[in-house]
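Numbering (my numbering), first residue to last: 2 to 279.
Pasting the structure below:
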C-alpha cells in the first residue's frame, strides 16, 4: 500500500478535482442532450397525432383565444369567414429551400366576428430585397383549414416597418386589425393540388426526426468515464516510475555497503612468491 502513498500529495488532489469538475460538466451536457431528445420525440408524437387528423372548428380547438397548449401544435382546424386582405402583412427573413423571403400573414374574420391569423405561405424577395408580388386571398365567404402553431411574440430590437414584420407577433397584429383576435396561436394554411405549387408557397411537411441527441448524450457520458480511467492510468504510470527509481536506489545502496576484500601488502606477496619457488 505504501507504493500508492504519493496519491496523498496535494498535486494529485488537484488532478482529482479537475477530473471531477470535467466529469460533472460532461454529465450535464449529456443530460441536456437527453432533454433535447425528449423534446424531439414529443414533437414527432405531435406530428403523428395532429398533422393528418380531421379538422375541428377553431372555436372548439381554442375555446380561449388567448391560450394555446403546445400539444395542439399542427392540429388541423376548420375556418369559415372572410379574409381581410387590406390588413395583410409579411414577415421578413423567412427561409425556404435555401432562399430567404417573406411569410404572408392574412387576418381572417370568422363567422362569429373573431379574427384568426392565417399564414398563407412563402414568397420570394425581389432584387431590391422587398416582397415579390403575391396573389390576393379569395374574396367573400370561404371555408379553409389551417394547422395551429404558437405565436412568436416580439423580439427586442426588431420592429415592424409598414407591412413588414420581424416576427409573427399576434398581439401587434391584433392591435393593427383593431378587432377581437386570437393572440396565442395562428394557422398555417392547408393547401392542396395546384394551389400548393403557386405562391404563396406552402411550407413543407415537418420531418419526423429525433436527431443525433442520443448518440451525443452517450458520448458525453463516455468522456466523463474516460477522464477517471485516464487519471487511474496516469497514477499507475507514476507508481511504476517511483518503484523503478526506488529499486535502483536500493541496489546502489546495497552495493555501496558490501565489504571490499582486504588487499595484502606487497611484501607479503613477495614472500609468498619466494616460498613457492623453493
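Cβ coordinates follow ideal geometry from the N, Cα and C atoms, glycine included.
These figures come from a predicted structure and were not determined experimentally.
For the alpha helix (DSSP H) that contains residue i, what are its first and last residues?
{"i": "residue 111", "result": "No alpha helix (DSSP H) holds residue 111; the beta strand (DSSP E) holding it covers 100-111."}
{"i": "residue 20", "result": "11-51"}
{"i": "residue 175", "result": "171-178"}
I'd like to confirm the pairing. Which residues does DSSP put opposite residue i in its beta bridges?
{"i": "residue 147", "result": "78, 190"}
{"i": "residue 83", "result": "110"}
{"i": "residue 202", "result": "123"}
{"i": "residue 57", "result": "78"}
{"i": "residue 95", "result": "102"}
{"i": "residue 166", "result": "92"}
{"i": "residue 132", "result": "126"}
{"i": "residue 161", "result": "Partner(s): none; residue 161 has no beta bridge."}
{"i": "residue 182", "result": "116"}
Under a Cβ-count criterion, where at least 16 other Cβ atoms within 10 Å of its own Cβ denotes burial, should residue i be classed as buried or exposed?
{"i": "residue 148", "result": "buried"}
{"i": "residue 208", "result": "exposed"}
{"i": "residue 34", "result": "buried"}
{"i": "residue 223", "result": "exposed"}
{"i": "residue 247", "result": "exposed"}
{"i": "residue 214", "result": "buried"}
{"i": "residue 19", "result": "exposed"}
{"i": "residue 221", "result": "buried"}
{"i": "residue 22", "result": "exposed"}
{"i": "residue 170", "result": "buried"}
{"i": "residue 88", "result": "buried"}
{"i": "residue 59", "result": "buried"}
{"i": "residue 135", "result": "buried"}
{"i": "residue 192", "result": "buried"}
{"i": "residue 110", "result": "buried"}
Go to residue i, then tell me how far its beta strand (DSSP E) extends in each direction, as first and last residue.
{"i": "residue 125", "result": "116-125"}
Indicate whether residue i and residue j have their beta-carbon atoms separated by less than 9 Å.
{"i": "residue 161", "j": "residue 167", "result": "yes"}
{"i": "residue 1", "j": "residue 121", "result": "The shown model of the chain, from 2 to 279, leaves out residue 1, and the question about it has no answer."}
{"i": "residue 77", "j": "residue 53", "result": "yes"}
{"i": "residue 202", "j": "residue 90", "result": "no"}
{"i": "residue 92", "j": "residue 108", "result": "no"}
{"i": "residue 145", "j": "residue 219", "result": "no"}
{"i": "residue 38", "j": "residue 71", "result": "no"}
{"i": "residue 178", "j": "residue 80", "result": "no"}
{"i": "residue 83", "j": "residue 141", "result": "yes"}
{"i": "residue 8", "j": "residue 242", "result": "no"}
{"i": "residue 95", "j": "residue 150", "result": "no"}
{"i": "residue 165", "j": "residue 117", "result": "no"}
{"i": "residue 240", "j": "residue 13", "result": "no"}
{"i": "residue 31", "j": "residue 217", "result": "yes"}
{"i": "residue 129", "j": "residue 152", "result": "no"}
{"i": "residue 133", "j": "residue 200", "result": "yes"}
{"i": "residue 204", "j": "residue 69", "result": "no"}
Does residue i get closer than 9 Å to chain C when you measure Cβ to Cβ?
{"i": "residue 85", "result": "The structure shown contains no chain C; it is built from a single protein chain."}
The stretch 19-32 in contact with the stretch 53-73 per 3-pair CB rule at 8 Å: no
Touch test, the stretch 59-68 against the stretch 181-188, Cβ-Cβ under 8 Å, three pairs minimum: yes
Any 3 or more C-beta pairs closer than 8 Å across the stretch 226-243 and the stretch 35-48: no
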